[in-house]
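To keep things clear, I will list the structure first and then write my remarks on it.
There are 2 protein chains.
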Amino acid sequence: MENKQEIIFEPIGIIHTPYINEAPYQPVANDTKEFIVELNRKYVDGLKNLEEFKFIYLIFYLDKVNRKVEMNIKPPWADGKEVGLFSSRSPNRPNPIGLSIVKIKKIVGNKIYTSGVDLFNGTPLLDIKPYIKDLDSKSDANYGWINNSEDEEHLALHIKGIPHSH
Amino acid sequence: MENKQEIIFEPIGIIHTPYINEAPYQPVANDTKEFIVELNRKYVDGLKNLEEFKFIYLIFYLDKVNRKVEMNIKPPWADGKEVGLFSSRSPNRPNPIGLSIVKIKKIVGNKIYTSGVDLFNGTPLLDIKPYIKDLDSKSDANYGWINNSEDEEHLALHIKGIPHSH
Chain A
132 MENKQEIIFE PIGIIHTPYI NEAPYQPVAN DTKEFIVELN RKYVDGLKNL
182 EEFKFIYLIF YLDKVNRKVE MNIKPPWADG KEVGLFSSRS PNRPNPIGLS
232 IVKIKKIVGN KIYTSGVDLF NGTPLLDIKP YIKDLDSKSD ANYGWINNSE
282 DEEHLALHIK GIPHSH
Chain B
132 MENKQEIIFE PIGIIHTPYI NEAPYQPVAN DTKEFIVELN RKYVDGLKNL
182 EEFKFIYLIF YLDKVNRKVE MNIKPPWADG KEVGLFSSRS PNRPNPIGLS
232 IVKIKKIVGN KIYTSGVDLF NGTPLLDIKP YIKDLDSKSD ANYGWINNSE
282 DEEHLALHIK GIPHSH
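Here is the structure:
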């Protein structure tokens, strides 16, 4: 079973971040800069009621990744540990689809002002979904192979492979 | 800003479910039937360490949806309330990308045996990501416009627009 079907998507908007030519070097949650999800105007009516949710999923196209895809990767911070690609959040995936959860600050027209997200400016948006408490917040989730002694923001940087100062 | 870029993905596997010609009519979490995520063999090494996670995200292509996309929808169970498409988990989206969280039961070769997921048999898989406690489990999430008096499984069926007996 090796399905060769092609699936074609189109951006429905664009994600504006302060990160133009380099990845963020600071924990994004502390970032006071603006992060704006700009939806194509023809879809603006689809935002009705979205502001009633605290969190949303952003699904986007990782258009700036190095496309060399390896099935095993060694996260530079993991003491040489080699893990499977699908056990990681590395952007170098067969389908470079990114998934982030952000907090909604406000919605004005076709623009959603959100909490920080460590994406390059101009990242194409594919979908927005509401993050719904009981469906999406799994209190009995775990950390898998990841050392959970790290604090959350720091951990997030490691998991996503973003260089930063310790 | 109306980006017309085409983004091309390929299935990396297929999701096997008991639901062939009709949507599931029972809460999936009680289903004792088999749900198997079958990854294309060339990607099998990418599954290393995945079994250490309790939960994973499945990202898939909703290939069987009615593609008529409306920006406002009336979920049949919501007393005539009209909500924005992006405030819903309706499958009829500009890019029909689905997102589900499942529990891993076991992994054998290129097959991941999972908890129930309300998808049609043969749904094309686009990506697998680990669900990582601190990154993904937002304990302060809310229900948005959704009445949270429903129990979780029942709520899930409603949100996803799956017909079922009350």
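Residue numbers (the working numbering), protein chains in the order written: chain A, 132 to 297; chain B, 132 to 297. Beta carbons are placed, not taken as given, at the ideal position from N, Cα and C, and that holds for glycine.
Check                                                                                                                                        : Outcome
Pop quiz: B:L257 and B:F140 are said to be a contact at Cβ under 8 Å. What is the actual Cβ separation, rounded to whole angstroms?          : 6 Å
At a CB-CB cut-off below 7 Å, which residues of chain A make contact with B:I259?                                                            : F217
Report, in whole angstroms, the separation of the C-beta atoms of B:Y192 and B:P261, which I expect to be a contact under 8 Å.               : Actually they are not in contact, since the Cβ atoms of B:Y192 and B:P261 sit about 20 Å apart, beyond 8 Å.
Between which two residues does the alpha helix (DSSP H) containing B:D265 stretch?                                                          : 264-267
Starting from B:T148, follow the beta strand (DSSP E) in both directions and report where the run begins and ends.                           : Element bounds for B:T148: n/a, residue is neither H nor E.
Under DSSP, the beta strand (DSSP E) around A:V239 begins and ends at which residues?                                                        : 228-239
Give me the Cα-Cα distance between B:G215 and B:L170, rounded to the nearest whole angstrom.                                                 : 34 Å
Among residues of its own chain, excluding the 5 on either side of B:K269, which ones have a beta-carbon nearer than 7 Å to its beta-carbon? : none
Opposite A:F166 in the DSSP bridges: which residues?                                                                                         : A:T245
What is the C-beta distance between A:I190 and B:I228, in whole angstroms, given that I count them as a contact (C-beta under 8 Å)?          : 6 Å
Apply the 10 Å Cβ neighbour rule to A:R172 and answer buried if 16 or more other Cβ atoms are within range, or exposed otherwise.            : exposed
What are the partner residues of A:K260, as DSSP defines its beta bridges?                                                                   : A:Y188
Exposed or buried, A:G247, counting other C-beta atoms within 10 Å across all chains shown (16 or more means buried)?                        : buried
Can you give me the start and stop residues for the beta strand (DSSP E) that A:F140 sits inside?                                            : 138-140
Report the CB separation of A:F166 from A:T245 in whole angstroms; it is logged as a contact under 8 Å.                                      : 5 Å
Am I right that B:F217 and A:G144 are in contact with their C-beta atoms under 8 Å? What's the rounded C-beta distance?                      : 10 Å between Cβ atoms; not a contact.
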